[in-house]
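Take the sequence shown: its letter number 1 is residue 1 in the UniProt record's numbering, and every next letter is one higher. In what follows, a single structure is set out as structure tokens and then discussed.
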Amino acid sequence: MAEEIIKKNDLIYLILDNRRRWLVAVEEEGEFQTHKGIIKFNEIIGKPFGSVVFSHPLETQGYKFYVLKPLPSDYVLHMSRKTQIIYPEDADLILVYSGIGPDSKVVEAGCGSGALTCILGNYVRPNGYIFSYDIREKSLKRALSNVRRANLQDFVSIQYGDILTDDLKHENVDSVVLDMPQPWKAIERIKNYLKFSGTL
């Protein structure tokens with residue numbers, strides 16, 4: 001299996017030890033400063049994920065950092081958020097009980113910070129899609145930023161929409177996920193969005 005090479009603008013998971021980990025975007029001439037020295041991105045670009053780099057100045061510190069490819073759970077745990085998020089262990093249950101997987105088409109009501117949205121976006125690739133809605137402008141901006149940071153914009157749309165009052169014009173979707181207060185109020189409307197064997 002070919003090793004995946006780190007490129008400019010990739011997100012990396014930089015690990016010093018069990019407690020100190022960072023999700024970082026690699027910039028061509030940039031660097032990342034830690035309390036254990038500086039990581040220079042030009043020493044990371046072109047290396048495979050899983051490589052080891054050392055902080056600068058090497059003469060006085062030279063701490064070892066591991067450079068890994070982030071998992072969906074890493075995005076969620078390190079994303080910008082102001083709302084309560086659905087954590088990976090809860091998202092796993094949603095995936096198991098909904099049957100969401102590669103190529104699924106999903107409507108999500110209540111994207112919040114986009115934590116669940118990003119997890120779902122990873123699972124529906126390569127041909128699926130997440131249509132995510134919220135009624136709070138701040139949530140929409142934060143979720144869109146997190147989706148872009150996770151590089152999932154080809155699999156996710158973040159839009160203003162109220163699933164209780166707006167006709168969102170979906171049909172034959174595989175699943176609808178309701179992360180909102182009083183989700184039972186939406187059932188009458190969303191049942192028309194689902195395909196015959198769809199899940200809620």
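Cβ coordinates follow ideal geometry from the N, Cα and C atoms, glycine included. Treat the numbers as computed from the prediction; the structure is a model and nothing was measured.
Taking the alpha-carbon of Tyr-87 as reference, which of Glu-108, Arg-19, Val-96 and Leu-116 has the nearest alpha-carbon? Leu-116
For the beta strand (DSSP E) containing Gly-121, list its first residue and its last residue. No beta strand (DSSP E) holds Gly-121; the alpha helix (DSSP H) holding it covers 115-124.
Shorter than 7 Å from the beta carbon of Ser-73 to some beta carbon of chain C? Absent from the structure: chain C. Only one protein chain is present.
To the nearest angstrom, report how far apart Val-124 and Gly-101 are at their CA atoms. 5 Å
Look up Phe-49 in the DSSP assignment and say whether it is helix, strand or coil. coil
Excluding five sequence neighbours on each side, which residues of the same chain lie with their C-beta closer than 7 Å to the C-beta of Lys-7? Ile-45
Look at the alpha carbon of Ser-175 and the alpha carbon of Gly-62, and state the distance between them as a whole number of angstroms. 49 Å
CA-to-CA distance, Asp-162 to Lys-36, given in whole angstroms: 47 Å
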